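So the mapping is simple: this note's numbering equals the position in the sequence shown, first residue as 1, plus 1.
Report on the structure given below.
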Amino acid sequence: MSKREPGILLGAIETAISKINRFIEGLDDGSFLADDKTLDAVIRNLEIIGEAARQLPESFKQRHPTITWSQIAGLRNRIVPDYAGVDLPLVWNIVKTALPELSGQIRDLREKIAER
């Protein structure tokens, strides 16, 4: 993903969050961890979120410091710490605790941008 307009990248983040929410709807952690297709789809969309955050211009990130851009950009490295595999409990924790907050932050930020 090359450097693009923040609105497009924020839209990609919002879309990925929406997909993840659809994928995990009705699942508990055990069901989630036992479903390879859902795991792969969620992990892929977390990668998209991280890459989109990484591609945001530094000046944009500095103007919106309440969002932890560096942590978001580092999602892939956090969930796949090495070639041994994915930290699946961490993936579940992220989608259940961090994504709802991020979703609200991204939605609010996109609304502010649209008002300009």
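All residues carry an ideal CB built from backbone N, CA and C; glycine is no exception.
In this text the structure is predicted, and so the values were computed from the model without any measurement.
Between the C-alpha atoms of Val-87 and Leu-57 there is a straight-line separation of about 25 angstroms.
Val-96 and Arg-117 have their C-alpha atoms some 31 angstroms from each other. Every unbroken stretch of the alpha helix (DSSP H) spanning 4 or more residues and falling wholly within the segment 26 to 87 is given here in chain order: 30 to 34, 37 to 56, 59 to 64, 70 to 74, 76 to 80. Between Ile-44 and Ile-80, the C-beta spacing is below 8 angstroms. By the beta-carbon neighbour count (other beta carbons within 10 angstroms, threshold 16), Gly-31 is exposed.
The C-alpha of Asn-94 lies about 13 angstroms from the C-alpha of Asn-22. In this structure, Leu-11 lies near Arg-111, with their beta-carbon atoms less than 8 angstroms apart.
In this chain, Arg-5 is not harboured by any alpha helix (DSSP H), its DSSP state being neither H nor E. Judged by beta-carbon spacing, Leu-40 lies beyond the 8 angstroms limit of Leu-103, meaning their Cβ atoms are not closer than that value. Per DSSP, Lys-113 is one residue of the alpha helix (DSSP H) stretching across 100 to 116.
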